[in-house]
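Chains as they are written, first to last, in our numbering: chain C, 1 to 277; chain B, 278 to 554; chain P, 555 to 831; chain Y, 832 to 1108; chain D, 1109 to 1385; chain F, 1386 to 1662.
Protein chains: 6
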Amino acid sequence: MKPDLNINKIIRTALQEDIGQGDITTQAVVPDTSMASGRFIAKENGVICGIGIAGQVFRLLDPSIEFTPHIEDGQKACAGDVIASVSGPAAGILSGERVALNFLQRLSGIASRTATMVSMTQGTKAVIADTRKTTPGLRILEKYAVRTGGGKNHRFNLAGGILIKDNHIRAAGGIGRAVEATRKNAPPGFKIEVEVENLNQLDEALVAGADIVMLDNMDIETIKEAVKRAGGRALLEASGKIDEKRIKEVATTGVDIISAGALTHSVISVDISLRLD
Amino acid sequence: MKPDLNINKIIRTALQEDIGQGDITTQAVVPDTSMASGRFIAKENGVICGIGIAGQVFRLLDPSIEFTPHIEDGQKACAGDVIASVSGPAAGILSGERVALNFLQRLSGIASRTATMVSMTQGTKAVIADTRKTTPGLRILEKYAVRTGGGKNHRFNLAGGILIKDNHIRAAGGIGRAVEATRKNAPPGFKIEVEVENLNQLDEALVAGADIVMLDNMDIETIKEAVKRAGGRALLEASGKIDEKRIKEVATTGVDIISAGALTHSVISVDISLRLD
Amino acid sequence: MKPDLNINKIIRTALQEDIGQGDITTQAVVPDTSMASGRFIAKENGVICGIGIAGQVFRLLDPSIEFTPHIEDGQKACAGDVIASVSGPAAGILSGERVALNFLQRLSGIASRTATMVSMTQGTKAVIADTRKTTPGLRILEKYAVRTGGGKNHRFNLAGGILIKDNHIRAAGGIGRAVEATRKNAPPGFKIEVEVENLNQLDEALVAGADIVMLDNMDIETIKEAVKRAGGRALLEASGKIDEKRIKEVATTGVDIISAGALTHSVISVDISLRLD
Amino acid sequence: MKPDLNINKIIRTALQEDIGQGDITTQAVVPDTSMASGRFIAKENGVICGIGIAGQVFRLLDPSIEFTPHIEDGQKACAGDVIASVSGPAAGILSGERVALNFLQRLSGIASRTATMVSMTQGTKAVIADTRKTTPGLRILEKYAVRTGGGKNHRFNLAGGILIKDNHIRAAGGIGRAVEATRKNAPPGFKIEVEVENLNQLDEALVAGADIVMLDNMDIETIKEAVKRAGGRALLEASGKIDEKRIKEVATTGVDIISAGALTHSVISVDISLRLD
Amino acid sequence: MKPDLNINKIIRTALQEDIGQGDITTQAVVPDTSMASGRFIAKENGVICGIGIAGQVFRLLDPSIEFTPHIEDGQKACAGDVIASVSGPAAGILSGERVALNFLQRLSGIASRTATMVSMTQGTKAVIADTRKTTPGLRILEKYAVRTGGGKNHRFNLAGGILIKDNHIRAAGGIGRAVEATRKNAPPGFKIEVEVENLNQLDEALVAGADIVMLDNMDIETIKEAVKRAGGRALLEASGKIDEKRIKEVATTGVDIISAGALTHSVISVDISLRLD
Amino acid sequence: MKPDLNINKIIRTALQEDIGQGDITTQAVVPDTSMASGRFIAKENGVICGIGIAGQVFRLLDPSIEFTPHIEDGQKACAGDVIASVSGPAAGILSGERVALNFLQRLSGIASRTATMVSMTQGTKAVIADTRKTTPGLRILEKYAVRTGGGKNHRFNLAGGILIKDNHIRAAGGIGRAVEATRKNAPPGFKIEVEVENLNQLDEALVAGADIVMLDNMDIETIKEAVKRAGGRALLEASGKIDEKRIKEVATTGVDIISAGALTHSVISVDISLRLD
């Protein structure tokens, strides 16, 4: 992922947050002319994500710092692997270290969990998708990490897709009317997705011509029945309480998409550290 | 926590991220005049944090939305408890729901984990502290969540405290010189903290007059020995691989502070949902 | 349209642009205590758009100014109609007048031209859509003006829809491959639109399963043939050199969507003025 | 025009508006390593303006894109002329194309219309000036386009010049008092301009010592009489309903300045396209 | 001075600068429910400026704080006078105190020095004007303070007035040519000011038709001679090394304007304190 | 001082403030191709500070301008010394001159006054420290200037140190309780400083275990007595009405720190000018 204007803004905010008015310890102890080099090392196995971001952290901090990736985003690292190296003015490296690691560890955590879930659905047609349950301010990066782990992105935000939920249905007076209103009023380039809670609603959504139907919090048997009833007339998306225990079974029901909030709302960081030489 | 300029900026960024150019589904389906009300309900036990933030999300989105907290930040909620209620224009409530929940679930996750760790150190003098391993852009909120859970805040950022680490020591040519340089060059209002990796370094730090010594990644026996050697000459902080399995044992060694990166870098959200009436 | 965070930012930028360090004439001549009132009057016929924006201009400038709309966005005004009234401190009204009018005149110009084109396609199934040929920085308002005039919004930006163009086709090695790559890599919530330049390409796009096909710069006969060939398998969008001379004929070919860049790139303002009492 | 801090901010806003979270079509279809080149071609005659802006769009997006102007701002292009060429990573070129064209077409539209009006006043002493009827957020560029077309800039904003209008006159209790208040209270570096609606007011303004008098919406005979009465005591500016039909006649009356809102509020874009090789 | 968008931005920057992530002392010691009230008291004589700014500091920090001015900007306060009172939540008052005072003391310092210089020129026609030698970021406030003290504002910035200096003259090849270029190329609403270093240059500037001539660093005799030579053909401005020792003599030479950089570049704050009850 | 994200933002704000929409004089008179060079010359003796800032002003304005420092921040310049030279496009140099000088003169003024005070305390153990009485928006630079002049920085802002003042003491119900509350609630990395007004309070603060005690506005005799009583149990800081007349006497009392608001709130600029060749 090439750092663009959005990404640079996020990184600058993070740097200002962590450096504040200046790194007082380093300023007091480390001479301006002191140079350093070091290596980013994975301390446990994981799918790495955020190498480009980490590099950009140092570049925005001090363009004279050189950052060299040793692997690419999406590759697996084993404990002990060197994933990147950095060299240049010691003060800049020390000041940027924590921000670079905070991005790298969190994004790698997301990519790793996604990759795990994706591998558990091998042999089915189900793709793994994220949700809007992301960390405020970091969605663009977290959705990138999901892609890096092999997942797909659900709509980016409320402007980036149509999803008719319970409350929209009630406001419109039924699934049919809600779909109709959307077709009439919303931009034509979006598929129409409807969230349903039972098989009757599924039938209504199919009749209304929904392009995608989200099966919310259904048990395995019901999902299976839903797949049968839909018969390919709409894409089916399973959602709700998706985790490593349940995902394989959900995937084998024949749904097209499985969306999992946990990919981004409950992230265990991959442990990575910067070892200076 | 009263939402101030910093907090409002974070919330505005989150709202723009999630709403983008507008909620196309709601615009297409829900009339502008439609009103709604609902309740935020805990779906599992936890220490709640972020009620004020959630309320501010709606206020910034539409000042005519009313948000009423039912419990205060820091209180425990059980599954099923109503933690707040909201009422007003349906469109605004639907558009703000996800952002409010994203803050509330994450901050409650941090407060809950902190509270658990704090309770495990009851009867010892150890306080639980956070680190700089926070989510980029959210540190001010995440450190607030740690306080809400009963923890203490370590330095906010590189400008907010002195911590002499390995690399500073090498750059200065020893612990004694590094402490001396800090005392000479850094502002006088900060305590001087030194990170040490073994008992020899601890001795050096004590001789140098460090105010706080961070014992990095030491085993229980070494920590015990460190407490003995220090004899109250400096505050001692245990750090590295602190989790629920190990924290009690660490606390009983007699250290003053236990800092745990996992409080913020690996957060399991508390499940909370908005149920519209 | 309720002014939200995006809109407020645009208005604040416009106010700072026009007021700079302060209205030196008004400061020199008009006492702070001077009050005024006035009416916004249409000086020619048109569909009015931007009343809410104009009101927000004054509210952001001075909350004590009262602004009362007399008609709603989307209604037609005739020359001489009062469309809104304003009263309060004279200095604020004088300072905000030009900014309010600049928004109101331009947005009404867009809404009016859209309404004209929409009325010319009455009795056909074609909807009128905008493009990305908008004024930099004002897209959210200009697309709103198109909706106000009865048009539909094409994708908001490059992240808000899939449109496979000539260069994408060449990069992918054919329409089939480009559609396939999109289906595999892009988020599932978007329809896939392909821009074609001739009927052979149309056939390819239909075979590839495109949801929407944009017919770029085709003559009327070719468009008619395209409608016949497509036979409802995809939505068809006519694009290129759409203006009032040609639109009716294009609409009667049976296409589903007609997109017109001129709606926003070549706008004749509706003449509106503020008459102080 | 060298892109400065103001211009870069406008361009960044435009890029973020058009690219959003990323160009999903290009990301799905075009490999990161794909290179491209192309030429910007005028599809109709016009005075080109915005070449430097278009180049900066690409530079800010991706510094590795090379942009080469073939003509300079202010030169005339004929249909078919190549006005610039661009080469580099295909993804960046495709993502920046629309923003570059939106600036280029609009600014060239303004420069072209200005040049037309200027040429119609050849042989008179009248200069053509713009107004504050510009597109919100783009004034600095639109006024530059007017200069590029051979026009002059009226005051940039309310802080950039003194213009005593009807309402100021009433608030002050007459033209004489308004001019006097301005001379007393406003900074000394500005000329004092007064807007008048009839010849009596002109006389008052001349007596009061106005440096410039704006003749608002007067017919040709009245303007001629005004020129005679003023006899060089003040600069005279004709304003109101200035278009190509009327401008020559107005210029021949002997006024010094003709200001035309239509230069910026009603712009027909010059058609320019990017043809990739 | 009514706080507008520009002013609010300056105040918000100042509050964020001084409060950072929060007032840790007050948070630790003062209960949220604690209320306080206090009075701003002049501790020495001076012309007060910034009362409205100080009030806005508290309003932006916490709208529930009440701030009541006791005197108006521009009035003289004697040591001991109460200039404003404040009441509300103690935490907010303590957190805003320093920022409010920093504005108030500095602006009052500027207004007081201006008032002193103005009073020293009583009986002459000379007005006192400021320069661009202001504190970066605070110009709009500092120029307001000069007006509050009875001075006039020279051009706000490089876009707000024409001043032909030595280097412009050399680039143009003489004063005559520089004035001519300006008349031809610059907007017509500005007076043309020329800076001259001797009487020969003054003659050239007068011949060229300069509206204002700045006499740079001339001694009293030369200024007198300049006034005689100009004979009212242009306004004359004396500039350079203007302070309280010299200003009276300069004023009595008959110049129209005296500009003094020291008004803003070398400010002695007026001592003001907040006494809590 | 290396210009970082914070500094660049301050410089950009200053440039936009001073240049506005563009330097109209230079644009009218100086050809774009005109080159220039010049030297920054001290016109009086002083400690120079801000050379790096001045260079960055030009770099941000036009990267093709070359700026060469002749001395380093912290060195003394005598009247007539060349402190830096600059060369490149004349337009950029003329446009950046005033902003560069405004920073340079003010920061050198602060550094010079600090150096004077520091030299007056030679032979004592007292260090000179700044306060929060800085110019709004420039604190990071002004505190840097104090360091450049040989002073120390007191806390950066309310989040950067603990200082228990009168009002905190009253809110807590005594010095002991306030210190206790701070120890319990505030982050552990800060020393606890208490401001006292008399010797009784000093005793209380010492008993409470304060790390630093600020002696507010005490006369020399009382300060001497305080030093005796404290006997090294806490650092002592003298504050209030510190100026060149009194500082030596205060320093010889044996206090550790002397803090002087005047260092930043009442600054006499060092006169520096740019002489073009």
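Note that beta-carbon positions come from the ideal geometry of N, C-alpha and C, so glycine has one too.
Since the model is a prediction, treat every value here as computed from it, not as a measurement.
Extent of the continuous alpha helix (DSSP H) run through residue i
i	result
P:Met-768	Looking at the DSSP string, P:Met-768 is not in any alpha helix (DSSP H); the run it does join, the beta strand (DSSP E), is 766-770.
C:Arg-147	139-148
P:Ile-796	P:Ile-796 -> no alpha helix (DSSP H), and no H or E assigned at all.
D:Ala-1368	Segment: none, D:Ala-1368 is in no alpha helix (DSSP H) and carries neither H nor E.
B:Val-334	328-338
Cβ shell of residue i (< 6 Å), same chain only, five flanking positions each side left out
i	result
P:Ala-665	Val-601, Cys-603, Ala-699, Thr-702 and Gly-703
F:Ile-1525	Asn-1391
F:Ile-1549	Ala-1563 and Val-1579
P:Gly-642	Ser-618, Ile-619 and Glu-620
Y:Ala-946	Val-878, Gly-980 and Gly-981
D:Asp-1189	Ala-1150
Proximal residues of chain C, C-beta to C-beta of residue i below 7 Å
i	result
P:Asn-707	Pro-187
F:Phe-1541	Gln-21
Beta-carbon neighbours of residue i, restricted to chain P and to distances below 9 Å
i	result
D:Asn-1114	Gln-570, Ile-573, Gly-574, Gln-575 and Gly-576
Where the beta strand (DSSP E) through residue i begins and ends
i	result
P:Gly-663	It is not in any beta strand (DSSP E) - P:Gly-663 instead sits in the alpha helix (DSSP H) that spans 644-674.
B:Glu-222	Examination of residue 222 of chain B is not possible in this model, given that chain B is present from 278 through 554 alone.
B:Gly-315	312-319
P:Arg-829	826-830
D:Glu-1329	No beta strand (DSSP E) contains D:Glu-1329, which is instead part of the alpha helix (DSSP H) from 1328-1338.
B:Ala-455	That residue, B:Ala-455, is in no beta strand (DSSP E); its alpha helix (DSSP H) goes 452-462.
Proximal residues of chain F, C-beta to C-beta of residue i below 8 Å
i	result
C:Arg-12	Leu-1390
Nearest neighbour of residue i, chosen from the options [CA to CA]
i	options	result
P:Arg-800	P:Glu-775, P:Val-824 and P:Glu-779	P:Glu-775
P:Thr-675	P:Ile-578, P:Gly-705, P:Gly-691 and P:Ala-654	P:Gly-705
B:Thr-290	B:Gly-357, B:Gly-509, B:Cys-355 and B:Leu-415	B:Leu-415
Y:Glu-973	Y:Met-866, Y:Ile-884 and Y:Asp-1074	Y:Ile-884
F:Ile-1409	Y:His-1096, Y:Lys-1072, Y:His-985 and Y:Ile-914	Y:His-985
Chain P contact residues for residue i, given Cβ-Cβ distances below 8 Å
i	result
C:Ile-257	Pro-742
Spatial neighbours of residue i in its chain, beta-carbon cut-off 8 Å, leaving aside the 5 residues before and after
i	result
D:Asp-1379	Ala-1150, Lys-1151, Glu-1152 and Gln-1213
D:Arg-1337	Leu-1307, Leu-1310, Asp-1311 and Leu-1314
Residue i Cβ short of 7 Å to the ligand SAM heavy atom set
i	result
D:Gln-1135	No copy of the ligand SAM appears in this structure; indeed no ligand is present at all.
9 Å Cβ cut-off: residues of chain F touching residue i
i	result
B:Phe-335	Going along chain F, no residue has its Cβ under 9 Å from B:Phe-335, so there is no contact; the nearest lies around 28 Å.
Neighbouring residues, chain D, relative to residue i (Cβ below 9 Å)
i	result
B:Ile-417	Gln-1129 and Gly-1130
Amino acids of chain D, ordered along the chain, whose beta-carbon sits closer than 7 Å to that of residue i
i	result
Y:Glu-1024	Gly-1297
Partner residues on chain Y for residue i, Cβ-Cβ distance less than 9 Å
i	result
P:Phe-657	Pro-967
Residues of its chain near residue i, where Cβ-Cβ distance is below 7 Å and the 5 sequence neighbours each way are ignored
i	result
F:Asp-1403	Arg-1483 and Val-1484
| query | Counting Cβ pairs closer than 8 Å, one from the stretch 1206-1222 of chain D and one from the stretch 535-547 of chain B, do we hit at least three? | reply | By the criterion of at least three beta-carbon pairs nearer than 8 Å, the stretch 1206-1222 of chain D is not in contact with the stretch 535-547 of chain B.
| task | Please determine if the stretch 65-72 of chain C and the stretch 304-314 of chain B are in contact, where contact requires at least 3 C-beta pairs separated by less than 8 Å. | result | Using a Cβ-Cβ distance cut-off of 8 Å, the stretch 65-72 of chain C and the stretch 304-314 of chain B are not in contact, since fewer than three pairs of beta carbons, one from each stretch, lie closer than that value.
| Inter-stretch contact at 8 Å, needing at least 3 Cβ pairs: the stretch 999-1010 of chain Y / the stretch 1020-1035 of chain Y | The stretch 999-1010 of chain Y is in contact with the stretch 1020-1035 of chain Y.
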